[in-house]
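Student:
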Amino acid sequence: MSTAAGEMLTGEDPGGADAVVAGSSGIAARSPLQLFWRRLRKDKVAMVALAFVAFSVIVALFAPLIVKVAGVPGPNVQNSDLLDSFGLPSGPSGANPLGVDERGRDVFARVVYGARVSLLVAFVATTFATIIGVVVGLLAGFFRGWIDTLLTRAMDVMLAFPVLLLAIGIGVACAGAEGCAGGLIEPGLTVVIFVIAISTWPYMARIVRGQVLSLREKEFVEASTSLGASKLRIIFREILPNLVAPIIVYATILIPQNILFEAALSI
1 MSTAAGEMLT GEDPGGADAV VAGSSGIAAR SPLQLFWRRL RKDKVAMVAL AFVAFSVIVA
61 LFAPLIVKVA GVPGPNVQNS DLLDSFGLPS GPSGANPLGV DERGRDVFAR VVYGARVSLL
121 VAFVATTFAT IIGVVVGLLA GFFRGWIDTL LTRAMDVMLA FPVLLLAIGI GVACAGAEGC
181 AGGLIEPGLT VVIFVIAIST WPYMARIVRG QVLSLREKEF VEASTSLGAS KLRIIFREIL
241 PNLVAPIIVY ATILIPQNIL FEAALSI
């Protein structure tokens, strides 16, 4: 009988010792962040998108330095000498890489500074919309009943209201130097951020409400309820942590949407 056959009959595993050693030595477990980064690096489209986003953020953060290094005037500096006899802007030149607009302002400087404004409006408006939407969605989905009905109808009203009409109305009301709402809403970017935030929070609220309606029926929520946990504890310790993933996903979708929204309001 061969040695291998003998080992099989006696129940010995020739590779067992090695397997135990390998298992005992172990392989370092990867954290969720490491697994995410590993998958991200394999996705070429995602890496290109990440590089573009990083470039846009860097341009927005260092806009004054970029304009200074480029040697172009500031975004609001007007130079009528750069317009021809008919008042039309000149084309690109060494002093103005992207030319000038109809008021003689450098287009390159305005594009660089415009990235800063767009990202500021998008991030701030998305933050406010997310906070309002999460709070309303949690209340509507968890308590249900008349609270759910009232908040859901409020969402429907906001979604049905013409956004551009609302923006124009608030813009006219806050056009003065003192602003409106007792000076709380100032003219300019504050109006744009306010309009975008109150126009987009119902979308976040609907998503959160739907998730809460599903989560509140799960076993871990029922277990917490049977153990005597308060409603606030169930909301913030059991339900809210399970909403992080959908909230992050939809917030990242809201940011580019709000940039387009801000561009539409600025036209």
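Using full-length UniProt numbering, the letters of the sequence shown correspond one by one to residues 1 to 267. Cβ atoms here follow ideal geometry from the backbone N, Cα and C, with glycine treated the same way. It should be emphasised that the depicted structure is a prediction, and the values quoted were computed from it without experimental measurement.
Going along the chain, which unbroken runs of the alpha helix (DSSP H) with 4 or more residues stay wholly within the segment 27–85?
Tutor: 32–42, 44–61 and 63–70
Student: So ASN258 is in the alpha helix (DSSP H); what residue range does that whole segment cover?
Tutor: Residue numbering aside, residue 258 sits at position 258 when the sequence shown is read from its first letter. Counting along the chain, the alpha helix (DSSP H) containing ASN258 begins and ends at 244–266.
Student: Can you grab the Cα-Cα spacing for the pair ILE255 / PHE128, in whole Å?
Tutor: Indexing the sequence shown from 1 puts residue 255 at position 255. Indexing the sequence shown from 1 puts residue 128 at position 128. So the two alpha carbons sit approximately 12 Å from each other.
Student: Please state whether the Cβ-Cβ distance between LEU189 and LEU120 is less than 9 Å.
Tutor: Taking the first residue of the sequence shown as 1, we reach residue 189 at position 189. Taking the first residue of the sequence shown as 1, we reach residue 120 at position 120. LEU120 sits close to LEU189, with the two beta carbons spaced by under 9 Å.
Student: Report yes or no: do the segment 98–108 and the segment 73–80 share at least 3 C-beta pairs separated by less than 8 Å?
Tutor: yes
Student: What is the residue span of the alpha helix (DSSP H) that ARG206 lies within?
Tutor: Walking along the sequence shown from the start, residue 206 turns up at place 206. Unbroken alpha helix (DSSP H) run through ARG206: 189–215.
Student: Would you check if the distance between the CB atom of VAL208 and the CB atom of PRO246 is smaller than 9 Å?
Tutor: Counted from its first residue, the sequence shown places residue 208 at position 208. Counted from its first residue, the sequence shown places residue 246 at position 246. Yes; because the gap between Cβ atoms is below 9 Å, this pair is in contact.
Student: Given this structure, state the Cα-to-Cα distance separating MET158 from VAL221, to the nearest angstrom.
Tutor: Looking up residue 158 in the sequence shown gives position 158. Looking up residue 221 in the sequence shown gives position 221. Their Cα atoms are separated by approximately 31 Å.
Student: Using beta-carbon positions only, say whether PRO204 and ALA264 come within less than 9 Å of one another.
Tutor: Translated into positions along the sequence shown, residue 204 becomes position 204. Translated into positions along the sequence shown, residue 264 becomes position 264. Note that residue 204 is Met in the sequence shown here, rather than Pro. Taking 9 Å as the Cβ cut-off, MET204 and ALA264 do not qualify as a contacting pair.
Student: Assess, as a yes-or-no matter, whether the segment 225–243 is touched by the segment 136–144 under the definition of 3 or more beta carbon pairs within less than 8 Å.
Tutor: yes
Student: Hey, VAL67 and VAL112 are a contact pair by Cβ (cut 8 Å); roughly how many whole angstroms apart?
Tutor: Numbered from its first residue, the sequence shown carries residue 67 at position 67. Numbered from its first residue, the sequence shown carries residue 112 at position 112. Confirmed, Cβ separation roughly 6 Å.
Student: Helix, strand or coil: which one does DSSP assign to ASP148?
Tutor: One-based indexing of the sequence shown puts residue 148 at position 148. Correct three-state label for ASP148: helix.
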